[in-house]
Amino acid sequence: MRGLKEGILASILALMPGSAVPAGEFTGIGVLGDSYSDEYQFYSPDRMSSRNWVEILAATRGLNFGQFSTISRGQPRNQGYEFNWAQSDATTVDLLAAGQHTGLATQVAAGEVSLVVIFVGGNDFIHALVSANPATALGEVLPRALANYRVALETILNANRQVNVVAVTVPDIRDLPMIRGAVRDRGLSVELLDRYSAALNAYNTQIRSLALIQPRVAVADFDVAAKIANRFSRDHALIGGRRLDRLQSGNDLHHLFLADQRHFGTMGQGLMAQMVVNAIDTKFAATVAPLSDRDIAGFAASLSEPTANPASLATLGAKGTRAESRPTEGR
Numbered sequence: 144m145r146g147l148k149e150g151i152l153a154s155i156l157a158l159m160p161g162s163a164v165p166a167g168e169f170t171g172i173g174v175l176g177d178s179y180s181d182e183y184q185f186y187s188p189d190r191m192s193s194r195n196w197v198e199i200l201a202a203t204r205g206l207n208f209g210q211f212s213t214i215s216r217g218q219p220r221n222q223g224y225e226f227n228w229a230q231s232d233a234t235t236v237d238l239l240a241a242g243q244h245t246g247l248a249t250q251v252a253a254g255e256v257s258l259v260v261i262f263v264g265g266n267d268f269i270h271a272l273v274s275a276n277p278a279t280a281l282g283e284v285l286p287r288a289l290a291n292y293r294v295a296l297e298t299i300l301n302a303n304r305q306v307n308v309v310a311v312t313v314p315d316i317r318d319l320p321m322i323r324g325a326v327r328d329r330g331l332s333v334e335l336l337d338r339y340s341a342a343l344n345a346y347n348t349q350i351r352s353l354a355l356i357q358p359r360v361a362v363a364d365f366d367v368a369a370k371i372a373n374r375f376s377r378d379h380a381l382i383g384g385r386r387l388d389r390l391q392s393g394n395d396l397h398h399l400f401l402a403d404q405r406h407f408g409t410m411g412q413g414l415m416a417q418m419v420v421n422a423i424d425t426k427f428a429a430t431v432a433p434l435s436d437r438d439i440a441g442f443a444a445s446l447s448e449p450t451a452n453p454a455s456l457a458t459l460g461a462k463g464t465r466a467e468s469r470p471t472e473g474r
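The following block contains the structure:
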């Protein structure tokens with residue numbers, strides 16, 4: 144597994160331009176996105192059993208996503224971390240319509256947030272593929288998603304000249320168990336699926352291109368990582384010495400996907416957290432302690448310990464600083 148992970152990391156880092164932004168501390172980290180970034184702990188029955196990359200980094204690295212609240216702040220943030228605007232099932236259309244980007248831009252302009260992570264777009268293509276006419280929908284969804292993403296990114300960058308952004312690419316939706324099931328049940332053609340994969344490649348190409356021309360944008364290339372992992376095995380993944388089933392779904396440490404067949408469990412989300420940290424440290428010369436496979440596996444295992452409070456865990460970082468933690472509350 145070490146060779147696989149090093150290969151994935153090397154591929155991700157190779158896509159990132161060298162640091163062109165002065166090193167400095169981040170005041171707060173904001174998030175734009177969908178259910179992969181919306182706090183898992185509030186969605187029963189499946190996601191509640193796990194934690195996502197935001198919750199993992201808040202717990203294990205003490206990163207500041209804002210004040211935590213169990214009281215709804217209203218749409219689109221609801222409960223959770225103050226700077227996390229991600230909404231479950233959001234598309235790029237929903238992101239703009241709900242004002243995720245403008246709400247977070249206000250916090251950026253006020254200096255409360257100096258780093259933003261954007262991970263959105265997968266639902267645009269998922270909704271199109273499972274629609275009544277997926278071929279027609281595809282012709283509409285790609286240009287719309289491309290334009291919407293640019294609006295969201297530019298809104299954040301224009302809010303403050305000091306803000307930095309981590310842009311996360313979207314893996315092929317064909318890897319999701321729910322999509323494999325839909326393809327089987329509806330008899331969708333390989334040709335159509337290939338067109339969707341090509342459209343997602345175009346979407347991700349724009350994300351990478353924007354990062355290349357903008358020194359304040361880094362890429363966490365989730366898409367490249369998934370492609371490399373697929374070359375090793377489409378049946379399972381190895382993380383922290385654990386063998387995870389990629390084909391069957393379940394809410395335990397033996398499955399990559401939760402029982403909803405759509406979302407990564409804690410182990411997979413840990414890899415996302417790992418990529419976000421690598422992107423921050425590489426492009427922006429930050430000093431966030433790297434998240435190892437062992438850290439991920441240990442945190443995931445702690446969720447099943449009845450006496451443990453996973454979100455209060457703190458780790459002694461490899462760079463010598465202990466991460467402070469904040470208590471987790473239920474929604």
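In the numbering used here, the protein residues as written are 144 to 474. Glycine is no exception: its CB is placed at the ideal position from the N, C-alpha and C atoms.
Return the chain-ordered list of same chain residues with a C-beta closer than 8 Å to the C-beta of G441, the five sequence neighbours on each side being excluded. Annotation for G441: G383 place their beta carbon closer than 8 Å to its own, counting only its chain and skipping 5 residues before and after.
Let me know the secondary structure DSSP gives D436 once reduced to three states. Of the three classes helix, strand and coil, the one that applies to D436 here is helix, per DSSP.
Can you give me the C-alpha to C-alpha distance between Q250 and V256, rounded to a whole angstrom? Approximately 6 Å, taken between the alpha carbons.
Which residue comes first and which comes last in the beta strand (DSSP E) that contains N307? Element bounds for N307: N307 to V311.
Run through the segment 308–374 for me and flag every whole alpha helix (DSSP H) of 4 or more residues, listed as ranges in chain order. Listed in chain order, they are 320–329 and 333–356.
Between the beta-carbon of D177 and the beta-carbon of A229, is there less than 8 Å? Contact: yes.
Cβ neighbour criterion (16 or more within 10 Å) applied to V259: It is buried - the Cβ of V259 has at least 16 other Cβ atoms within 10 Å.
Could you spell out where the beta strand (DSSP E) holding V259 opens and where it closes? According to the DSSP assignment, V259 belongs to the beta strand (DSSP E) that extends over L258 to F262.
State whether the segment 348–362 contacts the segment 413–426, with contact taken as three or more CB pairs (one from each stretch) at a distance under 8 Å. Contact between the segment 348–362 and the segment 413–426 is present: three or more C-beta pairs spanning the two stretches fall below 8 Å.
Check Y224 in the structure and name its three-state DSSP category. The answer is strand: DSSP assigns Y224 an E or B state.
Residues in its own chain within less than 7 Å of P165 by CB, not counting five upstream and five downstream? Residue confidence is low: P165 scores 39 on pLDDT, short of 50, so the model does not pin down where it sits. Its coordinate-derived value is still stated next. Hits under 7 Å: none found.
Looking at the structure shown, is F185 part of a helix, part of a strand, or coil, going by DSSP? If DSSP states are grouped into helix, strand and coil, F185 belongs with the helices.
Relative to the C-alpha of G265, which residue among V431, S447 and R405 is closest? Nearest Cα to G265 within the set V431, S447 and R405: R405.
According to DSSP, is V174 part of a helix, a strand, or is it coil? The DSSP-derived three-state label of V174 is strand.
Between the segment 339–349 and the segment 311–320, do three or more beta carbon pairs fall short of 8 Å? At 8 Å Cβ cutoff, the stretches touch.
Are the CB atoms of A416 and W196 nearer to each other than 8 Å? Yes.
From M191, E182, Y186 and A325, residue whose alpha carbon lies closest to that of L200: For L200, the nearest C-alpha among the options comes from E182.
Sheet register partners of F208 (DSSP bridge): DSSP output for F208 lists no bridge partner at all.
Quick one: give me the first and last residue of the alpha helix (DSSP H) that A109 is part of. Because the chain is modelled from 144 through 474, residue 109 falls outside the range shown and cannot be assessed.
Candidates A422, A240 and S215: closest to V311 by CA position: Measuring from the Cα of V311, the nearest candidate turns out to be A422.
Rounded straight-line distance, which links the Cα of I439 to that of Q243: Looking at the two C-alpha atoms, the distance is approximately 29 Å.
C-beta atoms of G171 and F211 nearer than 8 Å: With respect to F211, G171 sits apart: the two C-beta atoms are not nearer than 8 Å.
Segment limits, alpha helix (DSSP H) that includes I382: Per DSSP, I382 lies in no alpha helix (DSSP H) segment; the continuous beta strand (DSSP E) that holds it begins and ends at H379 to I382.
Is the beta carbon of M418 less than 8 Å from the beta carbon of A443? No; because the gap between Cβ atoms is not below 8 Å, this pair is not in contact.
For L399 and R389, what's the separation of their Cα atoms in angstroms? Going by the C-alpha atoms only, they are around 5 Å apart.
Quick check: what's the CA-CA separation for V174 versus T234? Each residue's CA atom was taken as its position, placing V174 and T234 some 14 Å apart.
Just list the residues that DSSP pairs H398 with in beta bridges. Paired residues: D388.
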